[in-house]
Structures are given as C-alpha cells and as structure tokens.
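Asks: Numbered continuously in numbering that gives the first Met the number 0, the sequence shown closes out at residue 342.
No residue lacks a Cβ here, since even glycine has one placed at the ideal position from N, Cα and C.
Please read these numbers as outputs of a predicted model, since none were measured by experiment.
Below is a structure I'd like to ask you about.
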Amino acid sequence: MTSPKITSTPRIDPDPLSPLNQMQRYLVHEFVEDYQEGLLSRRDLTAKVSYIVGGTAATMAVFQRFGISEAIAQEAAATPGSTEPQSTYSIPENDPRVATTDVTFDSNGVLYSAYEARPTGDPSATPLADASPMAESASSPALVLVCHENRGLTDHIRDVARRLAAAGYIGVAVDLLSPEGGTAAVADPSSIPGILTGGDLSRHVRAFSDAISHYEQQGEAAASSTGMIGFCFGGGITWRTATQEPRLRAGVAFYGPPPPTEDVRNIKAAMLGIYSDDPGDFANEGRDELDAALADAGIGYEIKIYPGTQHAFHNDTGQRYNAEQAEAAWVDTLAWLGTHLGS
C-alpha cells in the first residue's frame, strides 16, 4: 500500500502593516522615510513605531518589512533641525495685528481646548500686502479651523493660527490630545502619533464639528463662513472632516492621506490639496484616485503639486522646509480661503 504523499504549503508571513488603519500606515511610512533620510534616530523611530503597532515584536516585523531590520543594532545620527520659525509669514505672539487666547468647548462629553487667534484691527499695525480679499472686505472675519500634525498642538501650529489672524481670519487650532489632558500633558512625545491614530478616528472629526457648534452657540457670525486647514496627519483629518461636516465652505489639506473614496461625494466644501512632487512621499499614495473621485463628484477643488519639495515642506521649523514653495503654498492658501469664504 502506497503511503499518501504529504505536501506542505510554505508559510507566508502576513504584512505587519495590514492590521493598521490608514492613518497608522501613513505615519509608519513617514517615520521610516525620516529614518532612512537621517532625520530621525533609530531610538526615536523604534519608539514612535512601537507605540503605533503595539510592541517590540511588531516593530521588528515592520523594520524587516522595510528592509531595516538591522536598525535595532545601529544608531542613526539624526540631522538636527531648526526649532525656530524661518518663514517671513511667521507672526510672533505679541504682534499688534493679533489677539490670542485659549478657548474650551465640549465634544462628546470631553472638554477640548484650542488656541484662538483673532485680528485686532489695530490701525497702527502694518497689514500684510497679500491679505485675502475676503479678509479685507468682510464686516466680520470668517472662522478657519487648524488641524495639527502628528505631534499635537505645537508652537508652529499656534503660529499658523496667528498667520490666519494677521490675514483677517479667526484662526482656531484644536488640541486633539485634549482627552489625554492636552499635548503638553503627554509624558512621552513619541507616544503622540500612536494616541492620535489609535482607536476611532471619527473622534477628531467630531471635535472639529463641535468647535463650529461652539462658535455658533456663542453667536459668532464667523461660524457661518467656516474653513479648515491641516498638515500631514492634520491634512488627512481635514479631508475626512470635509466628507462629514457640511458646514465647511472651504478646506486646504497639506499632504494628508485621502479620505475613503466612497465618502468623497459627500464633500460640500471647495477643497485645495497641497502636495510635494517627491515620488517617495507616501502622502502622494492615492492622490490620483482622490483627484478622479473629486472630479467625478463634481466638487470644486484643485490639486497642486509644488516642485522640488518633500513631505512637510511648509513647516518652517522642520528639516524639509522649502522657503520658496512654502511661501507660494501659503499665498495659494490665502487666495483659496479668500475666494471661497467670501460672503
């Protein structure tokens, strides 16, 4: 009697990124790219990825997936970057054109905080030469919500809110780590990307919707003309908020991951997408599909690609800052808001 032939199927290791949600995969790619370019040390890479994927074994699997499994045995020297603003559009906190304060509002039973910057209308202050048409002519400023990067509410994002105020808007940068006590209360900054992308991402969209409701309840006319901008992780949240919040009239997403394609048709806002031309920038993944979905849905939009740039080229406190293209993108942002937030 012939024994049955026993065959075996080679075991195929699953992709360690497959259990992650879209935003988590996006950030893992970003951090690996930062490491490979010498912008992030091995220690920081390991910490950030571990908080996202949930442990050492999963982190090592991710390293192997990207061909950097030896990273655990060697320390990369991260290139130091500037922490001071370099942009000519930077607005110091004591600028007479702006008045700043911290505001709070409720979202799903949690007290959220946000950094608010308003134009003062100080006649002695020198106005920006390229202030938006809407900001110059409207009797009351429009509201522009700001979504921070994966590091939480930083001084750079506060500066962005002040830049909006100097251009005539009420800039409101929401701290999405408010449920954890706020960005400053998080003991290990490396854990922040994992906190922001873990669990239900809709909590972030809800926070921005509730911020609009807060200003409506305060009787702010600005809430009737609301825009939103976001950067990196915040660009992705801006796209997602636009698919779910019909009160948004304009949005600007800086190199953020696209929203679910099936939700694009729900967008009511006029959307500007700002992207680098770097083929290695994972933020460009799905950009063409997003472009097609926006066109098919008949949504007012523009996708702009800035030459000679890399991911996060607008952040003037980061290592990839591109002064010329960042300033061009900011001028485009103000023009977009001016066109679509007018009365």
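Between the Cα of T338 and the Cα atoms of G151, S89, E326, V251, which residue gives the shortest distance?
Replies: Taking the first residue of the sequence shown as 1, we reach residue 338 at position 339. Closest by alpha carbon: V251.
Asks: Is I67 helix, strand or coil when you go by DSSP?
Replies: Start at 1 with the first residue of the sequence shown, and residue 67 comes out as number 68. DSSP places I67 in coil when its eight states are reduced to three.
Asks: If you check the beta carbons only, do A221 and A249 fall under 8 Å apart?
Replies: Against the sequence shown, residue 221 aligns to sequence position 222. Against the sequence shown, residue 249 aligns to sequence position 250. No, the Cβ-Cβ distance between A221 and A249 is not below 8 Å.
Asks: Can you give me the Cβ contacts of I51 inside the same chain, cut-off strictly under 8 Å, excluding the 5 residues immediately before and after it?
Replies: Here residue 51 refers to the residue found at position 52 when the sequence shown is read from its first residue. Only L19, Q23, L26, V27, P192, G193, T196, G197 meet the Cβ criterion.
Asks: Suppose you measure from the CA of A164 to the CA of R96; what does that come to, to the nearest Å?
Replies: Residue mapping note: residue 164 aligns to position 165 of the sequence shown, counting from 1. Residue mapping note: residue 96 aligns to position 97 of the sequence shown, counting from 1. The alpha-carbon atoms of A164 and R96 are separated by roughly 8 Å.
Asks: Expressed to the nearest angstrom, what Euclidean distance is found between the alpha-carbon atoms of T153 and G341?
Replies: Start at 1 with the first residue of the sequence shown, and residue 153 comes out as number 154. Start at 1 with the first residue of the sequence shown, and residue 341 comes out as number 342. Rounded to whole angstroms, T153 to G341 spans 29 Å at the Cα level.
Asks: Assuming M227 contacts L144 (C-beta within less than 8 Å), just tell me the rounded distance between them.
Replies: The count along the sequence shown starts at 1 and reaches residue 227 at position 228. The count along the sequence shown starts at 1 and reaches residue 144 at position 145. Contact holds; Cβ gap of about 4 Å.
Asks: In this structure, how does DSSP classify Y168 when only helix, strand and coil are distinguished?
Replies: On the sequence shown, position 169 is the one that residue 168 refers to. Three-state result, Y168: coil.
Asks: Going by CA-CA distance only, name the one from D315, R246, G151 that's closest to A186.
Replies: Taking the first residue of the sequence shown as 1, we reach residue 186 at position 187. Minimum Cα distance to A186 is reached at G151.
Asks: Given A328, which residues of its chain have a CB within under 7 Å of its CB, disregarding the five upstream and five downstream residues?
Replies: To locate residue 328, count along the sequence shown from 1; it is residue 329. Closer than 7 Å at Cβ, skipping near neighbours: I273, Y305, H313.
Asks: State the DSSP-derived secondary structure class of F104, mapped to helix, strand or coil.
Replies: As a working note, residue 104 is residue 105 in the sequence shown. DSSP places F104 in strand when its eight states are reduced to three.
Asks: Under the DSSP definition of a beta bridge, which residues are partnered with L247?
Replies: In the sequence shown, residue 247 corresponds to position 248, counting from 1. According to DSSP, L247 bridges with T225.
Asks: Let me know if T240 comes out buried or exposed under the rule of 16 or more other beta-carbons within 10 Å of its beta-carbon.
Replies: As a working note, residue 240 is residue 241 in the sequence shown. It counts as buried.
Asks: DSSP puts C146 in a beta bridge; with which residues?
Replies: For this step, residue 146 is matched to residue 147 along the sequence shown. C146 is bridged to V173, G229.
Asks: Could you compute how far the alpha carbon of A116 sits from the alpha carbon of I236?
Replies: Translated into the one-based positions of the sequence shown, residue 116 becomes position 117. Translated into the one-based positions of the sequence shown, residue 236 becomes position 237. Approximately 21 Å between the Cα atoms of the pair.
Asks: Shortest alpha-carbon distance to L247 belongs to which of P13, P140, S208, S17?
Replies: Working through the sequence shown from its first residue, we reach residue 247 at position 248. When only C-alpha atoms are compared, the closest one is S208.
Asks: Please return the same chain residues whose Cβ sits closer than 6 Å to the Cβ of N265, not counting the five positions on each side in sequence.
Replies: Here the question's residue 265 lines up with position 266 in the sequence shown. So the list reads T242, once near-sequence residues are dropped.
Asks: I believe G181 touches S112 by the beta-carbon criterion, under 8 Å. Please report the beta-carbon distance rounded to the nearest angstrom.
Replies: As a position in the sequence shown, residue 181 is number 182, starting the count at 1. As a position in the sequence shown, residue 112 is number 113, starting the count at 1. About 6 Å; that satisfies the 8 Å criterion.
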